[in-house]
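*Asks:*
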Amino acid sequence: METPLLWRYYDELSLGDSQVTRARTVTETDVVNWCAFTGDWFLLHSDKEYAERSMFGQRIAPGMMVLAISGGLGVPPDSTAILANYGTDRIRYPIPTFIGDTVHLELEVVAKNDRDEASGIVDFRWDVLNQNGETVAASQLRVVMAKNGAHA
């Protein structure tokens, strides 16, 4: 198995390096827990009757929750190469994620910029796709990454 991108140090990454992660199914429990944790009880997420009358015909998963799930798919919990999350740009949700959809993450190195002697900023295309290969969340993640040999 190839080393995950976010496990590699700044100088070990090249433009175009890519990765496809494992998948996981979005459950009703995920949605209920997200709504309870964040206080986001928006009707399309939490009211079955309302959602059935909407343009989607059913409840949809919160977009920010789908993006958060992608972090669990793409970020190794014990990576020493990651120094900090620098930010996320251009977040889009082109189609909804429904309860029961199975999502995975596709990421690619799209830019690298030296920051200092010990680190650089890496931009990743950060796309979440469903079981049909359709993009449900698209963004660009920026990460401050340690240079090889500069980490603790």
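With my numbering as the guide, the letters of the sequence shown map in order to residues 488 to 639. Positions of the beta carbon are idealized from the N, C-alpha and C atoms, including for glycine.
Could you check whether the segment 612-626 touches the segment 571-587, counting it as contact only if at least three pairs of C-beta atoms, one from each stretch, sit closer than 8 Å?
*Replies:* The segment 612-626 vs the segment 571-587: in contact.
*Asks:* Please name the residue, chosen from ARG509, ALA605 and PHE524, that lies closest to THR516 on a Cα-to-Cα basis.
*Replies:* What you label residue 516 is simply residue 29 of the sequence shown in a count that begins at 1. Minimum Cα distance to THR516 is reached at PHE524.
*Asks:* How about GLN545 and PHE585: do their beta carbons lie closer than 8 Å?
*Replies:* Counting from 1 along the sequence shown, the entry for residue 545 is found at position 58. Counting from 1 along the sequence shown, the entry for residue 585 is found at position 98. Yes, the Cβ-Cβ distance between GLN545 and PHE585 is below 8 Å.
*Asks:* From PRO563 to THR514, what does the alpha carbon distance come to, in whole angstroms?
*Replies:* Here residue 563 refers to the residue found at position 76 when the sequence shown is read from its first residue. Here residue 514 refers to the residue found at position 27 when the sequence shown is read from its first residue. One C-alpha to the other measures close to 22 Å.
*Asks:* Identify the continuous alpha helix (DSSP H) that holds GLU536 and give its terminal residues.
*Replies:* For the purposes of this step, residue 536 is taken as the residue at position 49 of the sequence shown. Per DSSP, GLU536 belongs to the alpha helix (DSSP H) from 535-539.
*Asks:* Which residue spans inside the segment 524-604 form an unbroken alpha helix (DSSP H) run of at least 4?
*Replies:* 530-533, 535-539 and 550-561
*Asks:* Is the CB-CB distance between GLY561 and LEU530 below 8 Å?
*Replies:* Within the sequence shown, numbered from 1, the residue matching residue 561 stands at position 74. Within the sequence shown, numbered from 1, the residue matching residue 530 stands at position 43. Cβ distance not < 8 Å, so GLY561 and LEU530 don't count as in contact.
*Asks:* Per DSSP, which residues does GLY636 bridge with? Please list them.
*Replies:* Along the sequence shown, one-based indexing puts residue 636 at 149. For GLY636, no pairing in a beta bridge is given by DSSP.
*Asks:* Pop quiz: LEU502 and VAL596 are said to be a contact at Cβ under 8 Å. What is the actual Cβ separation, rounded to whole angstroms?
*Replies:* Locating residue 502 in the sequence shown gives position 15, where the first residue counts as 1. Locating residue 596 in the sequence shown gives position 109, where the first residue counts as 1. Sure, about 6 Å apart at Cβ, within 8 Å.
*Asks:* Report yes if the C-beta distance between ARG602 and VAL630 is below 8 Å; otherwise report no.
*Replies:* Counting from 1 along the sequence shown, the entry for residue 602 is found at position 115. Counting from 1 along the sequence shown, the entry for residue 630 is found at position 143. No, they are not a contact pair.
*Asks:* Who pairs with LEU502 in a beta bridge, going by DSSP?
*Replies:* What you label residue 502 is simply residue 15 of the sequence shown in a count that begins at 1. Beta-bridge pairing links LEU502 to no other residue.
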